[in-house]
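Novice: My questions all concern the structure below.
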Amino acid sequence: MLSAAALGLASPRRARAAPSGPIRIGILHSLSGTMAISESTLKDVMLMLIAEQNAKGGVLGRKLEPVVVDPASNWPLFAEKARELISVDHVDVTFGCWTSVSRKSVLPVFEELNGILFYPVQYEGQECSRNVFYTGAAPNQQAIPAVDYLMSADGGGAKRFVLAGTDYVYPRTTNQILAAYLATKGVAPGDVMINYTPFGQSDWQNIVAGIKSFGSSGMKTAVVSTINGDANVPFYKELANQGIKSTDIPVMAFSVGEEELAGMNTAPLVGNLAAWNYFESIDTPANKAFIASWHKFTNNPKRVTNDPMEAHYIGFNMWVQAVERAKTTDVDTIINTMVGITQPNLTGSVATMLPNHHLTKPVLIGEIQDDGQFNTVWQTPTPVAGKAWSPYIASTKNLIGDWQKPIECGNYDVVTKTCLGRHA
Amino acid sequence: MRRRILAVRLLLACLVLAPAIARAADASISDVAAGLASPAYDDVATAVERLGVLGGPRAAPIVEALRHRDLFARSEAGQVPPPLFIRSGQSYTDALTGQSATPDPATLRPVRMNNRVRGAVASAEGMLQLASPDPGSRSLAADAIFAAHDASALPALDRAIAGEQDPRVRTRLRQARASCLLAEPTATTQDKLAAIATLKQRGGLDTLAQVGGLAVGEGPVAKAARNAIAAIDLNLRLWSFAQSIFYGLSLGSVLLLAAMGLAITFGVMGVINMAHGELVMIGAYATYVVQQQVAAHLPALAPVGILIAIPAAFAVSGGLGILIERSLIRFLYGRPLETLLATWGLSLILQQATRSLFGPTNVGVSSPAWMSGAILIGGLTITLNRLAIIVFSGLVMAALMATLRATPLGLRMRAVTQNRRMAASMGIRTPWIDALTFGLGSGVAGLAGVAVSQIDNVSPNLGQAYIIDSFMVVVFGGVGNLWGTLVGALSLGVLNKFLEPFAGAVLGKIVVLIAIIAFIQRRPRGLFPVRGRAVET
Chain A
1 MLSAAALGLA SPRRARAAPS GPIRIGILHS LSGTMAISES TLKDVMLMLI AEQNAKGGVL
61 GRKLEPVVVD PASNWPLFAE KARELISVDH VDVTFGCWTS VSRKSVLPVF EELNGILFYP
121 VQYEGQECSR NVFYTGAAPN QQAIPAVDYL MSADGGGAKR FVLAGTDYVY PRTTNQILAA
181 YLATKGVAPG DVMINYTPFG QSDWQNIVAG IKSFGSSGMK TAVVSTINGD ANVPFYKELA
241 NQGIKSTDIP VMAFSVGEEE LAGMNTAPLV GNLAAWNYFE SIDTPANKAF IASWHKFTNN
301 PKRVTNDPME AHYIGFNMWV QAVERAKTTD VDTIINTMVG ITQPNLTGSV ATMLPNHHLT
361 KPVLIGEIQD DGQFNTVWQT PTPVAGKAWS PYIASTKNLI GDWQKPIECG NYDVVTKTCL
421 GRHA
Chain B
425 MRRRILAVRL LLACLVLAPA IARAADASIS DVAAGLASPA YDDVATAVER LGVLGGPRAA
485 PIVEALRHRD LFARSEAGQV PPPLFIRSGQ SYTDALTGQS ATPDPATLRP VRMNNRVRGA
545 VASAEGMLQL ASPDPGSRSL AADAIFAAHD ASALPALDRA IAGEQDPRVR TRLRQARASC
605 LLAEPTATTQ DKLAAIATLK QRGGLDTLAQ VGGLAVGEGP VAKAARNAIA AIDLNLRLWS
665 FAQSIFYGLS LGSVLLLAAM GLAITFGVMG VINMAHGELV MIGAYATYVV QQQVAAHLPA
725 LAPVGILIAI PAAFAVSGGL GILIERSLIR FLYGRPLETL LATWGLSLIL QQATRSLFGP
785 TNVGVSSPAW MSGAILIGGL TITLNRLAII VFSGLVMAAL MATLRATPLG LRMRAVTQNR
845 RMAASMGIRT PWIDALTFGL GSGVAGLAGV AVSQIDNVSP NLGQAYIIDS FMVVVFGGVG
905 NLWGTLVGAL SLGVLNKFLE PFAGAVLGKI VVLIAIIAFI QRRPRGLFPV RGRAVET
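Protein sequence lines, in the order shown, are assigned to chains A and B. Per the working numbering: the first sequence = residues 1 to 424. Per the working numbering: the second sequence = residues 425 to 961.
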């Protein structure tokens, strides 16, 4: 037991020094518990990407070997499993996490043990770690353009907003940013209703009735929903049952994608909106090929693809490029090589890794159709650069993240020209 | 522009100049076609609205096809009017002539659709339905125009009102006309005041929305609007009280269904069954499987698939309950801590087994048409799925009561739980009664699963959402008392729904929980404690 522990402590350096043998890739997604519904798909897509890369001969002539662990939707277990991946399994890179709380839980581990995490989900921003690459959308790549669309003529010219969310860090931070943003657009505080519900809320009668009466003031009202995965089905069912149509009060969702719609009868939802950086329905050759290989890999022609899957696709291919360019899997070298790498995304534009470890992404607004797919009704003409820190929140408006020399700081104040450091 | 075309058309119609009408209609329909083929949503929406005003034999199929996203434009430019095609199955017809056509599908793109266009489609369909021979359709058409309240509908409405015989439809049409009038910027003050008076009589939230826009500023119109709003608002507030009671009863009935099975296994038998939620979940999955099978093999029975699922879910969960009792719980009687841990472990096993079998994602249980939508009674919105669940939980409660009170099995169950040794010496096979009682409680949990599948996600995690609430209800109502469970569930439901608007969903739950803790402190045996010697021992 003691010797095993000693080995565990001693071996990371040895493992990283060894140039031969397979390159190990950690996959840190919940395969059981509440989040399995979303995360197990991402495990599958990583296995597919790794298998495809191996079929092409691996990277640097070495095979890739996935190391799958199950953090079981248990946030402290995420940190334990991350530690295990880096110090026991000696993985060179990790792809994982979904909820912000799981990312916050593993963040100190990746910083302490100097690992690399690719985080594929849209999130609330206000974070910029040297050890994390955020391949999902920052708020300015999803929430802000979505609200802009709702206020535009095509989106119905909304003047009143319901910000409905599940009660945890992502919706709270996003709604804080949105409320500040709406205030700058001249929306009075009385025209914004903020509502939080617990995880897995199933009884929406009162809340939907509240939305209905809030929307009856004569001003066009829209709902911006950061309601998380599971609770959406009863929410949309209640909207349909109470006769709220997308033409009256449209719902713009940030967490509802193809995967969530797969378990739902979407006929009553037609016309409700979602903002993402990828839709399965986007008609490009790259996307068609990706969907075809996904169907082949899962052996199920009905499996849908979604935005976080594309994020892993981009992140994985960027990492492969970085390793091939640097000719090593050494963590510090890879972190420095990653910035500036470009990778064509699946929707016809190009993703660039920015100095703040976020990506450039196109923003798409889609309407739900009765086949459970999205019809793109609006998109940004060019990809939008992700901003880690929100310019609409007073305490962070001067901050930027830049992990290149000479700044090398995740929270650099451009006014005082100082780095706030880890404990800011 | 729209109104002028209409006026021209009307004039010509009066003169009975058929060829001229055809020409005028042709000219405008080609304009409409250009709008529909446009990439800008604005143009498409305007074109659809004009189509509704124009009418004619081709308008209805075009609007209908657009709604189903079966309307296509050819993407190459230059042709006037641009060719439009309606798809039905694999074949196409020319949208403007109605003749069949064979365009190359690769060159077609669907006419663009978003919420603006969808709103225009609804109002155009309303306009086209105004002349329908069926009074029901005309009434719905009036409501659609009311919802869209577009001033361009006014002339058509005037015509429809003049020709309408049915007094109820005429009222609807007048209300629709009033709403359109408020949207017309050139309407006179007098007209607007009359419109507000008409709408005040109609009442309701949607009316409030339309009058609300006029209530700002000074002048007689704003004043009348404010008066109307105050009147409608008071009315709505009274109804919203009744509505909250309905919401509370419906939440209470779900709690009741989930807790009833537990009232048997925990309340009557004293088994702390942490896997109770999973038995609910398995009932929901049984509903899913039955629905899939019915849809695959007996599609004619699909609307009543949910009814077939009721006995199936009861049998599956009940059978599993008996299996659990025989193989696990009977070894743990009188050891509550071990039972708690063992059933907790069992709940994890059942969850993961379901996940392996059906996958981690939600499965879609559809609601039959007769359980979707809502009926309006005055200002009350009664959603049908909730109403069905209230009725269902009442029936299950009655059936359970009858089983316990009036059947030999019920008599033996009560005998065994009250005095096991006495019952055994009277010749009752107590182990079998234990198994059957546990099976009954589990079967009722399965029935709860059928109901829950209609309002909640069916996923392996479903049970976890209900286990805590179920225990709360049983303990609050009084362990061992079914009436207590009934009153406990309904009062918790109503309390929760009255608190929610003030405190919010999260705080509301916390307040309810604290209230229960305080209550249990005062009365540890709950609302309706079971009394008697059996309890004391």
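Glycine included, C-beta positions come from ideal geometry on N, C-alpha and C.
Do you know how far the Cα of B/P559 is from the Cα of B/A565?
Specialist: Their backbone Cα atoms lie some 10 Å apart in a straight line.
Novice: So what does DSSP say about B/R782, is it helix, strand or coil?
Specialist: Checking the displayed sequence, the identity of residue 782 of chain B turns out to be Phe instead of Arg. DSSP places B/F782 in helix when its eight states are reduced to three.
Novice: Does any residue of chain B have a CB that is nearer than 9 Å to the CB of A/A209?
Specialist: A/A209 counts as touching chain B.
Novice: With a CB to CB cut of under 6 Å and the five nearest residues on each side skipped, what residues in its chain are close to A/D191?
Specialist: R160.
Novice: If you run the structure through DSSP and keep just helix, strand and coil, what is B/A446?
Specialist: Because the pLDDT of B/A446 is 48, which lies under 50, any placement of that residue in the model is unreliable, and the number read from its coordinates should be weighed accordingly. B/A446 falls in the helix class under three-state DSSP.
Novice: Using a C-beta to C-beta distance shorter than 8 Å, which residues of chain B count as neighbours of A/Y196?
Specialist: The contacting residues are G928, A929 and V930.
Novice: So, for B/G867: in the same chain, excluding its five sequence neighbours on each side, which residues have a beta-carbon less than 6 Å away from its beta-carbon?
Specialist: If we look at B/G867 and ignore the five residues flanking it on each side, its Cβ neighbours are F738, S741 and G742.
Novice: Terminal residues of the continuous alpha helix (DSSP H) containing A/E111?
Specialist: From DSSP, the alpha helix (DSSP H) with A/E111 extends over S100 to L113.
Novice: Closer than 8 Å by beta-carbon distance: list the chain B residues that pair up with A/S246, in chain order.
Specialist: Ordered by position in chain B, the residues that pass the 8 Å Cβ test against A/S246 are N539 and R542.
Novice: So does the stretch 68 to 77 of chain A actually touch the stretch 117 to 130 of chain A, counting three or more Cβ pairs closer than 8 Å?
Specialist: At 8 Å Cβ cutoff, the stretches do not touch.
Novice: Any beta carbon of chain A sitting closer than 9 Å to that of B/R447?
Specialist: Only weak support is given to the placement of B/R447: the predicted model assigns it a pLDDT of 49, under 50, and the value that follows is read from those uncertain coordinates. It does not; no Cβ of chain A falls within 9 Å.
Novice: Note the first and the last residue of the continuous beta strand (DSSP E) segment covering B/R511.
Specialist: Segment L508 to S512, the beta strand (DSSP E) holding B/R511.
Novice: Counting only beta-carbon atoms, is B/V903 nearer than 9 Å to chain A?
Specialist: False, the Cβ-Cβ gap to chain A never drops below 9 Å.
Novice: Counting only Cβ pairs nearer than 8 Å, list the residues of chain A close to B/A633.
Specialist: Here the neighbours are G215, S216, S217 and G218.
Novice: Chain A partners of B/N659, CB-CB under 9 Å?
Specialist: Simply none; closest approach about 13 Å.
Novice: Classify B/Q514 as buried or exposed, calling it buried when 16 or more other Cβ atoms lie within 10 Å of its own Cβ.
Specialist: Looking at its Cβ environment, which holds fewer than 16 other Cβ atoms inside 10 Å, B/Q514 is exposed.
Novice: Out of B/I653, B/T610, B/A619 and B/C604, state which residue places its alpha-carbon closest to the alpha-carbon of B/G628.
Specialist: Residue B/I653 is the option with its Cα nearest to B/G628.
Novice: Run the CB neighbour count on B/F947, radius 10 Å, all protein chains shown included, and call it buried at 16 or more, exposed below.
Specialist: A small correction: the amino acid at residue 947 of chain B is Arg; Phe does not occupy that position in the sequence shown. B/R947 comes out exposed.
Novice: Comparing the C-beta of B/L871 with each C-beta of chain A, is any distance below 9 Å?
Specialist: Not an interface residue.
Novice: Classify B/V899 as buried or exposed, calling it buried when 16 or more other Cβ atoms lie within 10 Å of its own Cβ.
Specialist: Answer is buried; the Cβ neighbour count reaches 16.
Novice: Using a cut-off of 8 Å between C-beta atoms, extract the partners of B/G701 located in chain A.
Specialist: Simply none; closest approach about 12 Å.
Novice: For B/K647 and A/V363, what's the separation of their Cα atoms in angstroms?
Specialist: Distance between the alpha carbons of B/K647 and A/V363 is about 45 Å.
Novice: From the DSSP output, read off the bridge partner residues of A/N375.
Specialist: Its beta-bridge partners are A/E367.
Novice: With C-beta atoms as the reference, is B/A568 less than 9 Å away from B/S547?
Specialist: Contact flag set, yes.
Novice: Count the other CB atoms within 10 Å of the CB of A/D332; is the residue buried (16 or more) or exposed (fewer)?
Specialist: The residue in question, A/D332, is exposed, as its Cβ has fewer than 16 Cβ neighbours within 10 Å.
Novice: Rounded to whole angstroms, what's the CA-CA distance from B/E642 to B/K616? Just pull it up for me.
Specialist: So the alpha carbons of these two residues sit roughly 14 Å apart.
Novice: Please report the straight-line C-alpha distance between B/T909 and A/G257, rounded to a whole angstrom.
Specialist: Looking at the two C-alpha atoms, the distance is approximately 40 Å.
Novice: Using the three-state DSSP reduction, which class does B/C438 fall into: helix, strand or coil?
Specialist: Confidence at B/C438 is low in this model, with a pLDDT of 45, below 50, so its placement is unreliable and no value can be given for it.
Novice: Taking C-beta pairs closer than 7 Å, name the residues in chain B that A/T34 reaches, listed in chain order.
Specialist: Within chain B, the residues near A/T34 are N885.
Novice: According to DSSP, B/I801 sits in a beta bridge with which residue or residues?
Specialist: Beta-bridge pairing links B/I801 to B/L804.
Novice: With distances taken Cα to Cα, identify the nearest neighbour of A/M338 among A/K56, A/P22 and A/I116.
Specialist: Here the closest residue by C-alpha is A/I116.
Novice: Anything in the stretch 776 to 799 of chain B with a Cβ closer than 8 Å to a Cβ of chain A? List those residues in chain order, please.
Specialist: Going along the stretch 776 to 799 of chain B in chain order, one finds Q776, R779, P784, T785, N786, V787, G788, S790, S791, S796, G797 and A798 with a Cβ nearer than 8 Å to chain A.
Novice: Should B/D582 go down as buried or exposed, given a rule of 16 or more other Cβ atoms within 10 Å for buried?
Specialist: When all chains shown are included, B/D582 counts as exposed.
Novice: I'd like to confirm the pairing. Which residues does DSSP put opposite A/G119 in its beta bridges?
Specialist: Note on residue identity: the sequence assigns Tyr, not Gly, to residue 119 of chain A. According to DSSP, A/Y119 bridges with A/Y134.
Novice: Bridge partners of A/E65, per DSSP?
Specialist: According to DSSP, which records beta bridges pairwise, A/E65 is partnered with A/R24.
Novice: With 16 other CB atoms within 10 Å as the buried threshold, where does B/Q775 fall?
Specialist: Buried.
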